[in-house]
Amino acid sequence: MTSIIKNQILKHLSKFAKNLTADKINISTMRGEGEMSNLELNEAVMTDLLELPAWMRITRVWCNRVTVRIHWTKLKSVPIYVSLDEVQVAMETCDELRPMAAAQPAYASGGRYGFSDKVIDGMTVTVNSCCVMFKSHAFEASVQVSRIVLESKSPSWQRSDLRMTRLRDPDRGEVLIFKELQWQTVKMEARSTLDQGLSPLRLITNQSHCRIVIKKKINDCSVMGCRLVLILDDLLWVLTDEQMKAALHFLDSLSGLIQKATEHSHQVKAVRKLESLPEYQAQQNQSTRRSQGNTALSRVFAKYDVVETSYHLYSDRIDLHLCDDPGGQ
86 MTSIIKNQIL KHLSKFAKNL TADKINISTM RGEGEMSNLE LNEAVMTDLL
136 ELPAWMRITR VWCNRVTVRI HWTKLKSVPI YVSLDEVQVA METCDELRPM
186 AAAQPAYASG GRYGFSDKVI DGMTVTVNSC CVMFKSHAFE ASVQVSRIVL
236 ESKSPSWQRS DLRMTRLRDP DRGEVLIFKE LQWQTVKMEA RSTLDQGLSP
286 LRLITNQSHC RIVIKKKIND CSVMGCRLVL ILDDLLWVLT DEQMKAALHF
336 LDSLSGLIQK ATEHSHQVKA VRKLESLPEY QAQQNQSTRR SQGNTALSRV
386 FAKYDVVETS YHLYSDRIDL HLCDDPGGQ
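Throughout the sequence shown, residue numbering follows the working numbering, covering 86 to 414 in sequence.
This is the structure in structure tokens:
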């Protein structure tokens, strides 16, 4: 029994992990608990999975220890709990825009959205600490995040039965998944590699959270879009004139890549966005759309629908203080 479960775990995780072998997996079948150590993830798959912009890529993802807890008799209503101790991520900018992800990514199941997909999408993930190192030709940055929790929520962002954390509309052939990401602290620091005289840029934020809505196709589980809302508490940022110069220097070094990536993304995704519009779908199947518009389920789905990928920032208050550098000239 244990070997069968190990083989199933290897089958699914091999899409995400590199050099994963059975000896790295320790499981207790009866207790529904498992542990993996020294796990290195596939950077190309993770880049596509996180839908990173075309000017950025992941070069390494490593985790020292992963523990899993599964309630075998309650998989429909209770999530699988995955706990990661320490995660290290290395990222860099691309000299040339990397190719956009395929319509059918390598990590997708390829079949219809079924029970296994619901279980995976409903997982609760906790991370004790995560360190992200970012490199570009103009600067290097580090981001340290502690006490991360990713869990499923209801459309009203309340803890709920796992079955209430999805909205599925068979007429549209789409499903919405609601996740919330929380963390305790974030520490960011960026240093110029071209001008050593520029002061490092630092930012520390306290407890915050991010609400994520993901839309998938039912027939092949491909991601059609997502809505990400970053919600911050009161933010206080004190900048010296040298740090302000550094911030502008960093933004200027990325502006060209970001502009090229935006233009390229608009061209590549134009057809997919068109096909997701109700007007296009109405032309494809007018009778289905008429019946769909009259159902309560469709009205609820339309209320939370993700028409296209978007990113939002909300903060009760942002205080930005500019001051002279006491050590400057």
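Heads up, the beta-carbon is just placed ideally off N, CA and C, and yes, glycines get one too.
Annotation for Leu98: Leu105 place their beta carbon closer than 6 Å to its own, counting only its chain and skipping 5 residues before and after. Under the DSSP assignment, Met121 falls outside any alpha helix (DSSP H), being part of the beta strand (DSSP E) whose first and last residues are 118-126.
Pairing Asn213 with Leu247 gives a Cβ-Cβ distance that is not under 8 Å. Counting only runs of 4+ residues, the alpha helix (DSSP H) found wholly inside the stretch 166-243 occupies 200-206, in chain order. Judged by DSSP secondary structure, Lys388 falls within the alpha helix (DSSP H) whose first and last residues are 381-389. In the DSSP assignment, Arg276 forms a beta bridge with Glu225.
Assigned with DSSP and collapsed to three states, Asp133 falls in helix. Here His294 carries a strand assignment [DSSP, helix/strand/coil].
Around the beta-carbon of Gly207, 16 or more other beta-carbon atoms lie within 10 Å, marking it buried. Under the DSSP definition of a beta bridge, Met141 partners with Thr178.
Cβ contact annotation for Trp268 (same chain, cutoff 8 Å, sequence separation greater than five): Val230, Ser231, Arg232, Ile233, Val234, Gln292, Ser293, His294, in chain order. Straight-line measurement puts the Cα of Ile343 at about 14 Å from the Cα of Pro184. About 20 Å separates the CB atoms of Trp140 and Ala331; that is not less than 8 Å, and the two are not in contact. In this structure, the straight-line span from the alpha carbon of Ser239 to that of Leu135 is close to 22 Å. Cβ neighbours of Val172 within its own chain (closer than 6 Å, five residues either side excluded): Cys148, Val212, Cys215. With 16 or more neighbouring CB atoms inside 10 Å of its own CB, Cys311 falls in the buried class. Collapsing the DSSP output to three states places Lys264 in a strand.
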